[in-house]
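Numbering (my numbering), first residue to last: 87 to 377.
Every residue, glycine too, gets a C-beta built ideally from N, C-alpha and C.
Here the structure comes first, spelled out in structure tokens, and everything after it is commentary.
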Amino acid sequence: MLFRSLMDRLLGSSSETRVGTDSSHPAAASRVSWSAHPDLEVVALDILRQLLQDPNAATGVENVFPILKLIQRIPPPETRRVEVRRLVENMLSSPQWHVRDMAARTFAALIRRDEVLSSFASLLTGRVSGQNQLHGRLLALRHVLLLSMGGLTAGSSVDLHNICIQILGILDGAVETFLVLNSCPFTQMSFLDICSALLNLIFGCDVQWPDDKSGVWVLVRILDWFLQSSSGPSISSLSRNMAAFGFLAIEYLARSQQDGVEQYEKGLEAFMYRLVDHDSNPAAAATIPPI
Numbered sequence: 087m088l089f090r091s092l093m094d095r096l097l098g099s100s101s102e103t104r105v106g107t108d109s110s111h112p113a114a115a116s117r118v119s120w121s122a123h124p125d126l127e128v129v130a131l132d133i134l135r136q137l138l139q140d141p142n143a144a145t146g147v148e149n150v151f152p153i154l155k156l157i158q159r160i161p162p163p164e165t166r167r168v169e170v171r172r173l174v175e176n177m178l179s180s181p182q183w184h185v186r187d188m189a190a191r192t193f194a195a196l197i198r199r200d201e202v203l204s205s206f207a208s209l210l211t212g213r214v215s216g217q218n219q220l221h222g223r224l225l226a227l228r229h230v231l232l233l234s235m236g237g238l239t240a241g242s243s244v245d246l247h248n249i250c251i252q253i254l255g256i257l258d259g260a261v262e263t264f265l266v267l268n269s270c271p272f273t274q275m276s277f278l279d280i281c282s283a284l285l286n287l288i289f290g291c292d293v294q295w296p297d298d299k300s301g302v303w304v305l306v307r308i309l310d311w312f313l314q315s316s317s318g319p320s321i322s323s324l325s326r327n328m329a330a331f332g333f334l335a336i337e338y339l340a341r342s343q344q345d346g347v348e349q350y351e352k353g354l355e356a357f358m359y360r361l362v363d364h365d366s367n368p369a370a371a372a373t374i375p376p377i
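Shown next, in the form of structure tokens:
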């Protein structure tokens, strides 16, 4: 509470400012700027580099949160943006769950709208060193969607729809590795959350539904995996995310006039009955332990 009050005092209320790197995310009209305080840049970069050298250092974790929050509220100058983003991206593999989450939000604030596709391609096709890094990358991409793409729904639905369809194509190449063959339910959950967020954005577009059925095949692959996974005896914390995605994906297939929608509807209905039998409150959020 004290830290947030101090940040609002220095930078202005978070409800009054919005962070970003292009016209969709105007820089915060705060009392502090990188150009007005050159030492701020030096201190911020030093702290980010220190935490990368020793990810488990308690003092480093404590120091990095204010810096990441500051970057979210006040983007660095363009001459430093790529360097800062690279440092923040490296923090996505932190062993600390909260550091990964904060780094993911900060990474999204450093992505311009014209960099959304390249960021998806880079983070989903680049080498992954472990589940922590994968988790951080997926969190970052979900925040990129929500922050960089959300503002497009008002007046640029066609642009938003086209970009989302292209992202579905990128996700298609990651389904096998990050979902089907992945043994970690928490990163599987994060992958499904990206798919669900993407479908919600597509449904918010006021455009004519495409005749080419773009994006259908990746959803069919995920739904096939969903039906196979959900037929087993166990119900995991991943189930609610699977169900949420299932409803959205089936709606997409129905709008695209795809054959075989009925089998997915029946499979989802059977899965929901099992979920209700297992948990009287299936809408409740699952408690997720650290990876």
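- Between Ile197 and Leu233, the C-beta gap is smaller than 9 Å, which places the two residues in contact.
- Asp187: member of the alpha helix (DSSP H) spanning Trp183 to Ala195, first to last residue.
- DSSP, read as helix, strand or coil, puts Cys250 in helix.
- One alpha carbon belongs to Ser215, the other to Asn268, and they sit about 13 Å apart.
- When the five nearest sequence neighbours on each side are left out, the beta carbons in the same chain lying within less than 7 Å of the beta carbon of Met275 are those of Leu324 and Asn327, in order along the chain.
- The alpha-carbon of Leu209 is positioned some 12 Å away from that of Ala194.
- Segment contact: the segment 156–168 against the segment 199–209, fewer than three CB-CB distances shorter than 8 Å; contact not assigned.
- Taking the CA atoms as reference points, Leu284 sits about 28 Å from Leu156.
- If you draw a straight line from the Cα of Gln182 to the Cα of Glu127, it comes to about 24 Å.
- Contact between Cys291 and Leu220 is absent: CB atoms are separated by about 29 Å, not below the 8 Å threshold.
- Just measuring C-alpha positions, the residue of Asn248, Gly301, Asp279 and Ile308 sitting nearest Thr263 is Ile308.
- Burial is judged here by how many other beta carbons sit within 10 angstroms of a residue's own beta carbon; Val244 has fewer than 16 and is exposed.
- If you draw a straight line from the Cα of Gln158 to the Cα of Asp140, it comes to about 23 Å.
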